[in-house]
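Engineer: One structure follows; several queries about it will come next.
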């Protein structure tokens, strides 16, 4: 029985998981037992093509990939700042890791946009609904994901720019040491060059940041 075929998806882009399993405290013992023994199934776990599955769900190691899944489902280009229950259900449909619920709770609480939304609800008299966009790249939102593992180029953060009309998103890597002016320059170099200047920008940074636009 080929689990990857039954899932109707190919395990693409996850090749590094095969190497990470042996270093992951959540899965290394099970993976080692399955990889070195004669059995291919231990309890709910199964090894197939070098990938570890639990109840036919791909096991995700304790790396930045977990945070990427949560963030993409919560605030990515096709998401709408869904609540914790929807994010957990979506991930559990395909993937598994033991601390999933705790990780989702921690990351959603770090979302600046959600925190600002809660503040607006507490002071509804000051709340102004966002304009409904009628064409692409005229109204955009900018979100900032911080504290990621450093890349080869020393980037440890991502600026997520989403067109509110089409939901198309750009992911701009940067360093947490960047000040507002450098992030603004990054936006002009990568977004304005392709789509022009927007009419409105909704950002989870303060006016000191948006003033650069």
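Numbering (this note's numbering), first residue to last: 913 to 1125. Each residue gets a CB set at the ideal place from its N, CA and C atoms; glycine is no exception. Computed from a predicted structure; not experimentally measured.
Alpha carbon to alpha carbon, how far is residue 958 from residue 949?
Structural biologist: For the purposes of this step, residue 958 is taken as the residue at position 46 of the chain shown. For the purposes of this step, residue 949 is taken as the residue at position 37 of the chain shown. One C-alpha to the other measures close to 12 Å.
Engineer: Taking the C-alpha atoms as reference points, what is the distance between residue 1053 and residue 1112?
Structural biologist: Against the chain shown, residue 1053 aligns to sequence position 141. Against the chain shown, residue 1112 aligns to sequence position 200. Going from the Cα of residue 1053 to the Cα of residue 1112 covers about 8 Å.
Engineer: So the candidates are 994, 1003, 1045, 1073; which of them puts its Cα closest to the Cα of residue 1021?
Structural biologist: Residue numbering aside, residue 1021 sits at position 109 when the chain shown is read from its first letter. The residue with the shortest Cα to Cα distance from residue 1021 is 994.
Engineer: When you compare the CB positions of residue 940 and residue 934, do they come within less than 8 Å of one another, or not?
Structural biologist: Start at 1 with the first residue of the chain shown, and residue 940 comes out as number 28. Start at 1 with the first residue of the chain shown, and residue 934 comes out as number 22. Against a cut-off of 8 Å, the Cβ pair of residue 934 and residue 940 comes out as a contact.
Engineer: Could you give the distance in angstroms between the alpha-carbon of residue 1089 and the alpha-carbon of residue 1114?
Structural biologist: For the purposes of this step, residue 1089 is taken as residue 177 along the chain shown, with counting starting at 1. For the purposes of this step, residue 1114 is taken as residue 202 along the chain shown, with counting starting at 1. Those two C-alpha atoms are separated by around 22 Å.
Engineer: Got a sec: is the Cβ-Cβ distance from residue 1091 to anything in chain B below 8 Å?
Structural biologist: Protein chains in the displayed structure number just one, and chain B is not present.
Engineer: Enumerate in chain order the residues of its own chain whose CB-to-CB distance from residue 1062 is below 6 Å, with the five nearest sequence positions on each side excluded.
Structural biologist: Residue numbering aside, residue 1062 sits at position 150 when the chain shown is read from its first letter. Result list for residue 1062: 1068, in chain order.
Engineer: Just to confirm before moving on: does the CB-CB distance between residue 996 and residue 976 stay below 8 Å?
Structural biologist: Counting from one through the chain shown, the residue named residue 996 turns up at place 84. Counting from one through the chain shown, the residue named residue 976 turns up at place 64. No.
Engineer: DSSP three-state call for residue 1065: helix, strand or coil?
Structural biologist: For the purposes of this step, residue 1065 is identified with residue 153 of the chain shown, where counting begins at 1. It is coil, neither helix nor strand.
Engineer: Under a Cβ-count criterion, where at least 16 other Cβ atoms within 10 Å of its own Cβ denotes burial, should residue 1011 be classed as buried or exposed?
Structural biologist: If you number the chain shown from 1, residue 1011 lands on position 99. Result: exposed.
Engineer: Does the Cβ of residue 1105 have 16 or more other Cβ atoms within 10 Å, making it buried, or fewer, making it exposed?
Structural biologist: As a working mapping, residue 1105 is identified with position 193 in the chain shown. Exposed, because fewer than 16 other Cβ atoms sit within 10 Å of the Cβ of residue 1105.
Engineer: Cα-Cα, which of 983, 932, 953 is closest to residue 1058?
Structural biologist: Taking the chain shown and counting its residues from 1, one reaches residue 1058 at position 146. If we check each option's Cα against that of residue 1058, 983 comes out closest.
Engineer: Name the DSSP beta bridge partners of residue 1129, please?
Structural biologist: Here the chain covers residues 913 to 1125 and nothing more, so residue 1129 does not appear.
Engineer: Kindly indicate which three-state DSSP category residue 990 falls into: helix, strand or coil?
Structural biologist: Here residue 990 corresponds to residue number 78 of the chain shown, with the count starting at 1. With a pLDDT of 48 at residue 990, under the threshold of 50, the modelled position of that residue is not reliable, and the figure given next carries that caveat. Of the three classes helix, strand and coil, the one that applies to residue 990 here is coil, per DSSP.
Engineer: Can you tell me which of the three DSSP states residue 928 falls into?
Structural biologist: Numbered from its first residue, the chain shown carries residue 928 at position 16. Helix, per DSSP.
Engineer: By Cβ distance below 7 Å, which residues in the same chain neighbour residue 990 in space, the five residues on each side in sequence not counted?
Structural biologist: The count along the chain shown starts at 1 and reaches residue 990 at position 78. At residue 990 the pLDDT is 48, less than 50, meaning the model places this residue with poor confidence and gives no usable figure here.
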